[in-house]
Every structure is written in structure tokens, then in C-alpha cells.
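Okay, so here's the structure we're looking at.
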Amino acid sequence: MAEKITPRAKNYPQWYLDIVKEAGLAQNAEGVKGCMVIKPTGYALWEKMQRGLDKLFKDTGHVNAYFPLFIPKSYFQKEEQMAEGFAKECAVVTHYRLRSVDGRIEVDPAARLEEELIVRPTSETIIWRTYKDWIQSYRDLPLLINQWANVVRWEMRTRLFLRTTEFLWQEGHTAHATQKEAEAETHTMVRVYQKFAEEFMAMPVLVGPKTDGQKFPGAVYTLCIEAMMQDGKALQAGTSHFLGQNFAKAFDVTFKNEKNQEEYAWATSWGVSTRLIGGLIMTHSDDNGLVIPPRLAPTHVVICPLGRNDAERGPSITAAEQLAAELRALPRDEFFGYEPIAVKIDTMFDKQPGFRYAEHELRGVPVRVEIGPKDIEKAACAVARRDVPGKEGKQFGVPLTGAAAHIEKLLRDIQKGLYDRALAFRQRQTVTANTLDEFKALFPARDEKDEAGAEPLKFVYAHWDGTRETEDMVQKEYKATIRCLPFVEGTPEPGTCIFTGKPSTQRVVFARAY
RNA sequence: CGGGCUGUAGCUCAGCUUGGUAGAGCGCUUGGUUCGGGACCAAGAGGUCGCAGGUUCAAAUCCUGUCAGCCCGACCA
Numbered sequence: 000m001a002e003k004i005t006p007r008a009k010n011y012p013q014w015y016l017d018i019v020k021e022a023g024l025a026q027n028a029e030g031v032k033g034c035m036v037i038k039p040t041g042y043a044l045w046e047k048m049q050r051g052l053d054k055l056f057k058d059t060g061h062v063n064a065y066f067p068l069f070i071p072k073s074y075f076q077k078e079e080q081m082a083e084g085f086a087k088e089c090a091v092v093t094h095y096r097l098r099s100v101d102g103r104i105e106v107d108p109a110a111r112l113e114e115e116l117i118v119r120p121t122s123e124t125i126i127w128r129t130y131k132d133w134i135q136s137y138r139d140l141p142l143l144i145n146q147w148a149n150v151v152r153w154e155m156r157t158r159l160f161l162r163t164t165e166f167l168w169q170e171g172h173t174a175h176a177t178q179k180e181a182e183a184e185t186h187t188m189v190r191v192y193q194k195f196a197e198e199f200m201a202m203p204v205l206v207g208p209k210t211d212g213q214k215f216p217g218a219v220y221t222l223c224i225e226a227m228m229q230d231g232k233a234l235q236a237g238t239s240h241f242l243g244q245n246f247a248k249a250f251d252v253t254f255k256n257e258k259n260q261e262e263y264a265w266a267t268s269w270g271v272s273t274r275l276i277g278g279l280i281m282t283h284s285d286d287n288g289l290v291i292p293p294r295l296a297p298t299h300v301v302i303c304p305l306g307r308n309d310a311e312r313g314p315s316i317t318a319a320e321q322l323a324a325e326l327r328a329l330p331r332d333e334f335f336g337y338e339p340i341a342v343k344i345d346t347m348f349d350k351q352p353g354f355r356y357a358e359h360e361l362r363g364v365p366v367r368v369e370i371g372p373k374d375i376e377k378a379a380c381a382v383a384r385r386d387v388p389g390k391e392g393k394q395f396g397v398p399l400t401g402a403a404a405h406i407e408k409l410l411r412d413i414q415k416g417l418y419d420r421a422l423a424f425r426q427r428q429t430v431t432a433n434t435l436d437e438f439k440a441l442f443p444a445r446d447e448k449d450e451a452g453a454e455p456l457k458f459v460y461a462h463w464d465g466t467r468e469t470e471d472m473v474q475k476e477y478k479a480t481i482r483c484l485p486f487v488e489g490t491p492e493p494g495t496c497i498f499t500g501k502p503s504t505q506r507v508v509f510a511r512a513y
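Under numbering that gives the first Met the number 0, think of the first position of the first sequence as 0, with each following residue one higher.
Following this line, the structure appears as C-alpha cells:
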């Protein structure tokens, strides 16, 4: 079974690629290095994510807009930290015309742009240049804008969804009259991301600031959500930046306050990307294929009518259509985004049932229903839950009367079960290190071959002296980074840095990362 | 920019050492039997062997050049 997919225990990175390919989510683009084609199945997942996130943004007072793909080089260099941070991964447009010479197409040297255009790696600069025109008075604030867009970052090494040259994302860019309000926005949005990750993706996350070394270029500080993948590595799943007045000063965005004084505006920006799809895969999926939490599943339920011939299939199909109609007619609520339950009827009668089951498991449909001649006799069906793969997750003899309600409840149970399972895994894989020796043992040196079938890594809570030097040393020596300084309830417990013995204000989380 | 590897059917690859009619599995098409956990049988379609040049009676195979892609390293909020 499932011979197309490399088992996780054998080679986790290969397993990931197999899932992306075999579940039909995406493929590498031909001829355009590092870019991906997001296939209809993968894009449907992204659309579900967009819908969930967009609602959360609107509910917190944001509106959508759209800004240009191209950024004049001069804008880009106005904020120094950002220019420096992104300089090495920018695509640049230098010409605007081709010409045909002897039947060959070439760039027309006469069509050189006077000023080069940067393909946006992120849009702070072009947006704050625009905000300059939009903001005059405190009455114009706050400005709470989000855009859904693509960006380009010319990375050396790419992996489908996790790091691609071009990717899809949303970026929020807000302007505020006060520092306090902007900081509150920064926190609000990281909590929105946490809510989305935990309640929609069923992916538990740690929340807290990044170190100064890891923050966004141009930010005063960066808050993030960090998730643990099944191999124990960390995935930065979303970031929310407090930008202070850096961009307002760079683009001269000022407003008159109530006292008729001129002030610079305060800024935030925040984003999540198609990388979330990678995180979703590496949080829940298994050796049989993709596992999608019901709240994000493009198809919630697939019904497989069974039968060896038309005489047997007819009643199965009728019963399947009946059940599908009942499922679609259930009252709508927030859990399903006020949309009907998405049901598909699988009529691949030319394939064997086992093939059909395996196919739906591969594609991660949360619930599969089987209705065959034996069920019709008993007015029943079989219901299989994707989070428990194979026959173990299948319940026979579920009465067709009341099946719709049963399935709806099952979908909610699966959503919760996936979250609980992921959280339990992270807790199991989280430890504290109080000495350097303990720490060393947790991050052994290993090369690519060791990596393939290795034991999952851990999140390690340890004291750190707060310096860049120590952080850089740890990254170099142990290939582990400080994922965040997690928010804790009450007062953080102080201690001494396990690397230098200097004082530490709180434990931070170390992990190897994607 | 360093180091390594690969280009043969839609996909994965064998064949190359030792030159002699282009191969397998998967996928696809058609027919039949199957079919409540990834079926089987039969028939069939499908390839300028990356490209160019050379050696030879004869080149996927040997030689030279060239192009493309992949992996590792440097890079990565």
C-alpha cells in the first residue's frame, strides 16, 4: 500500500516531496528555477486559508487593497536596514522591450529603464510612499490595510511551499497615530495568526518576539508564531513586525495631531504565506498521504458508492446522493465558515474499491463514506476517518438515518483530535537544558545521510545571555537558532546562560529550523 | 563561484565497459474477467538515445566540443 510515498521514518524530506507531488498540490515549474506551479488541489487549499484569514482580518477592522508589483530602486534604498536585508535576493527589471534579430528574440538595448524596478520582495517601501499622500491628519489614522499578493525573493535553495522564489502571501501594513496603538496592533495580529494556526490549521504554535538577530530588517521588533514539524524542526509560520517610525521617517509620512503638532506615523506590518501549506503537511500528514484538518479541507466528505454492476451501483448511488444532499442541507455555522459541508461522490467504478480508498486518503479528505449492496440491505453505510488511516479508522454499520449528523460531529472531532495530537507531540518533544552538555546532546552534528531517517529533534528551553555573539556561536556550532523568546504567563524565571554563564532574564527556545 | 553527478518513451530507469535491427516497469488506449483496502489477462499506441562535430563498413555505446538539469557547499526575516 501507498508505495508511491516514502515512509517518514525512512527519509522525512523525501516523504514531504512525495506528499506534495502525489497529492497533486504543486510541482516545480519547468524552465523557471525555484518557482512552483500550484495545482488545483493545492490552490483550493490556499483559497480555504485565504478565506479563513481574510475573515479574521476583516473582523479586526482591516480592509484589502492592492499595490504595484514593481518598486523603483530609489524607494527601496530609502530604508537602509531593509535595503541591506533584501539586497542579495532581489529580482530587478532593467528593460521594457524585446526585439527580433534574425528570427531570435533579444532584449532591446535601446529600451533600458532610466531607473531600475525591483520586483517586490515585500511592499513596505511602495506602500509607505503611497501612505505619504494619504496621511495628513490624525483623523486619517489608523490606516489598516492588507494586500493579497505575490512576492519574489531570489533564494539559493528552494523547496516547494517552504521556500520558493516566487510565493503567494498576504501582507498587512498599518499606520497609527501613537506608538502604543501600533504596538497593540502588532500583538493583535500575531494573536490572529495564532488563532488561525491553532483553530483552522490545528497546528499549535509558540508565540513571542524574535531576537534582534532574527528580526525583520527595518523592524524595531518582530513577533512570530513558530510551529514544530513532525521531525522536530521549527517552522516560522507567521510574523508581525512593529516598525516604529522607521518607514514614516524614510518616506516622510507625517500628520497633524490634536494639538496641531506634526508627528511621524507609527507602523506595523505582518504576513503569512503559502509556506503555511508546507507547515500543514508536516504537522498532520502520514505515510498514506495528506491529512487536512476539516476546517481547511476543500472537500470534507467523499462518498464512495460501491457495486459490481449497474444493478448494484444504482441503489448505492441513490443512497449516496441522498446522504450528500442531507450533509449539504445541515445548518451552517462558523466552524465551516458558514458554508455548506463540501461533499463529493466518487464514481470511479473502473477502479477497484481499495484503489479508490487509497486515493482519497492520499488526498486527505477528512471523512470517507462507503455505501455498497450490503449497506443498502441494512440501510447503513461505513464511515472512515482520515486521521486514523486504513481499516482501523473505519466504522461499519452506521445507520443512514442520522448519518449526516454523525458525520458532521465526526468532522469536529477530527479537527480537535488533530490539534490535540500535534500539541501532545510538541510537548513530548520539548525539553529544558540546564547545562551545555545537555544542550550538545540534543543537537548532534549530522550530515544529510544521518538526517534522512533520524529521530525527531526537540525544542529546547534554555537560558541565553541575550547577546548576538552567543546566538551566532550557537547557530554555527549546533545549527540551532533561537526561534523566539516565548511569551509566558506571569514573570519569566531568570537564570544564567548555559553558554557563557552570564545572567539571563528568561528561557528561550532553541531548535533547528526550516 | 567551488566540488560531484545525470541527460534514452509521458514518468522512473536499464543498455554503454567489449560498437552490430531501441528495451523494461509504471502510465496511456481498446476488449474481457474482476472489484467492500492500491486486481489480472490479452492486444495496441508511443523514442531525431540533450545538441553539434569526429572516428568507423556500422555509434545510444568510443573521442572532442557544447547546452541543459540535479545534488552538496557558500546564501536564507
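The beta-carbon is built from N, C-alpha and C at its ideal position, and this holds for glycine as well.
Annotated as proximal: Tyr220 and Pro208, with beta-carbon spacing under 8 Å.
The straight-line gap separating the alpha-carbon atoms of Val271 and Trp168 is approximately 6 Å. Residue range 79-85 is occupied by the alpha helix (DSSP H) that includes Glu79. The three-state reading of DSSP puts Glu154 in coil, since its state is none of H, G, I, E or B.
By the Cβ criterion, the segment 187-203 is in contact with the segment 37-53, since at least three pairs of Cβ atoms, one from each stretch, lie closer than 8 Å. Across the structure, Ala403 and Asp251 are spaced so that their CA atoms are roughly 59 Å apart. Leu410 is a Cβ neighbour of Pro365, given a cutoff of 8 Å.
In this model, Arg467 and Thr267 are separated by some 24 Å (Cα to Cα). The Cβ-Cβ distance between Phe66 and Val92 does not fall below 8 Å. Rounded to the nearest whole angstrom, the C-alpha separation of Arg119 and Pro216 is 15 Å. Collapsing the DSSP output to three states places Gly41 in a helix. By the C-beta density criterion, Gly353 is exposed, having fewer than 16 other C-beta atoms within 10 angstroms. Its chain contains Asn145 as the residues whose beta carbon lies nearer than 6 Å to that of Asn63, once the 5 sequence neighbours on both sides are disregarded; these appear in chain order. Relative to Gly60, the option among Pro293, Ile340, Gly288, Pro141 whose CA is nearest is Pro141. Comparing alpha carbon positions, the residue from Tyr74, Gln76, Arg362 closest to Asn287 is Arg362. Here Met228 carries a coil assignment [DSSP, helix/strand/coil].
In this structure, Leu305 places its C-beta atom within 8 Å of the C-beta atom of Ser315.
Under the three-state reduction of DSSP, Asp139 is assigned to helix. If you draw a straight line from the Cα of Ala28 to the Cα of Gln505, it is about 45 Å long. For Leu361, the enclosing alpha helix (DSSP H) has its first and last residue at 352-362.
Listed as beta-bridge partners of Ala381 by DSSP are Glu369. When only Cα atoms are considered, Leu222 and Gly465 end up about 16 Å apart. Here the segment 69-89 lies against the segment 108-117, with 3 or more beta-carbon pairs under 8 Å apart.
A residue is called buried once 16 or more other Cβ atoms fall within 10 Å of its Cβ, and Leu295 is buried on that count.
Relative to the Cα of Tyr137, the nearest Cα in the group Glu470, Asp345, Trp269, Thr253 belongs to Thr253. In the three-state scheme derived from DSSP, where H, G and I count as helix and E and B as strand, Ala233 is classed as strand. Judged by their CB atoms, Gly212 and Asp471 are nearer to each other than the 8 Å cut-off.
A Cβ-Cβ separation of about 11 Å leaves Val473 out of contact with Ala510 under the 8 Å criterion. In the DSSP annotation of this structure, the continuous segment of the alpha helix (DSSP H) that includes Ile406 starts and ends at 402-427.
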